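Residue numbers (the working numbering): 2 to 276.
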């Protein structure tokens, strides 16, 4: 599927030019070889892929995106014979973020439980399931949040699914995620990395609105507890929901790190820092 998307994306870029022959001439690439790229018979070498991307003004991670996504961030500007397709402002922002992002080590990929004080249910801690994964050299985030107050009922009231982009800039993870069912919520999360040999927890802070009640903008401390690179998703989701604070299911060290209490003199809520 990725190879098919690349072919379609390359064809889209070529459609902005006078002809494929002109593209090959300006790229100084053999026409027969380029036709193989378009047909999906051969994938470009790393050097040729970079050459193609530089020519069209896109990132290699962008040209490997699903075709529908790629088509949304590329548009045609008023052009002369040498003009190239340009990115929309949103596409330019994503491109800059990807360009600034360092390579995320494989050890961070996998499944996590996410803990934070619920925005909708005071006195409860939300436990959801997060997956960080890589596709086409870009890291993505998937979060499944189940609305189910565990002390009241095991019946699920609602399920929210979030998809987002993960970047790693100046030793911090930045996550921007959108709720994809109702499409009415965007969350930003910033996390510290974990420099130990084995990842246990990632801690940070997030801003969002509740999908329930008055949708008041708010921030909270957040903690990700690493599970594994491969899990039984159904079993993990059965552990998720809203759990009363101080419940034995939440370890004291986790509850401490997600507490939103501020010390005397503090004016801004920041991520927990272990002293």
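Backbone N, C-alpha and C fix where the C-beta goes; we use that ideal spot for every residue, glycine too.
Note that this is a predicted model, so its numbers are computed, not measured.
Contact between residue 180 and residue 161 holds: their C-beta atoms lie close to 5 Å from each other, under 8 Å. Going by beta carbons, residue 132 and residue 242 fall outside the 8 Å limit. Within the stretch 93-141, the runs of beta strand (DSSP E) at least 3 residues long that lie entirely inside it are, in chain order, 111-118, 125-136. Around the beta carbon of residue 248, a 10 Å sphere encloses fewer than 16 other beta carbons of the protein chains shown; the residue is thus reported as exposed. The distance from the Cβ of residue 112 to that of residue 237 is about 7 Å, consistent with a contact at the 8 Å cut-off. Between residue 166 and the set 176, 157, 158, 72, the nearest pair of CA atoms involves 176. Within the stretch 222-253, the complete alpha helix (DSSP H) segments at least 4 residues long are 234-238, listed from N- to C-terminus. Taking C-beta atoms as the reference points, residue 192 and residue 222 fail to come closer than 8 Å. The alpha-carbon of residue 109 is positioned some 9 Å away from that of residue 195. When DSSP reads this structure, residue 219 sits in a beta bridge with 209.
In the DSSP assignment, residue 73 falls within the alpha helix (DSSP H) that extends over 68-74.
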